[in-house]
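Under the working numbering, residues 611 to 735 are what the sequence shown spells out, in order. Accompanying notes for the structure given below.
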Amino acid sequence: MTKASVKLLVVDDSRVMRRIISSFLAKMGYEDVLEASDANSALKIIATEPVAAVISDYSMPGLNGLDLLKAIRRDPMHKNLPFVMVTAEAQLGQIIAAFREGAQQYVTKPFTAEYMEYIIKKVMR
C-alpha cells in the first residue's frame with residue numbers, strides 16, 4: 611500500500627488548522643486526506659470510508675477529541691485505528707486520558723511539518 615492510496619482523516623473545528631495539517635500530509639505524499647470539522651462528521655466518514663489513521667484536535671464544540679476517540683474504540687472494527695490527538699493545551703489530565711483511551715500520540719500545537727511526518731510514520735507502522 612502506497613502513501614498515495616492511504617486515506618487519512620483530519621478532524622478540527624478550525625478550517626485553517628485542517629488545511630495546515632492536510633498540507634503537511636500532502637507534502638509527505640498522502641494524497642487522499644479527508645477532513646471533518648467535528649466529531650460527528652468524523653464518525654460518519656469513518657463508518658463509510660477505509661480510513662487508515664485519524665489526526666484529531668482535542669478541543670472542539672460538542673463532542674471533543676476524547677469523545678471521538680472513545681466512540682471509535684467502542685467499534686470493534688476500528689478499535690485499533692491509529693489515532694493522533696492534536697491540541698493547543700498540554701494538560702496532563704488530558705494527555706493521560708487520551709493515552710488511556712488508546713491514542714498512539716499526543717501532539718501539542720504549534721508543530722512543524724517534520725515533526726508531524728515523524729509522528730505519522732510512527733503510527734502508520
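We treat Cβ as the ideally placed atom computed from N, Cα and C, and that holds for glycine.
A contact between stretches requires three or more CB pairs, one per stretch, nearer than 8 angstroms, and the stretch 624-638 fails this requirement with the stretch 652-664. Restricting attention to Glu-641, Val-620, Glu-727 and Glu-659, the CA atom closest to the CA of Ala-614 is found in Glu-641. Exclusion of the five residues before and after Ile-705 leaves Tyr-716 as the residues of its chain whose Cβ lies within less than 6 angstroms of its Cβ. For Val-733, no beta strand (DSSP E) run applies; the uninterrupted alpha helix (DSSP H) run containing it begins and ends at 723-733, by DSSP. Looking at Leu-676, Ser-632, Asp-648 and Gly-672, the one whose alpha-carbon comes closest to that of Phe-693 is Leu-676.
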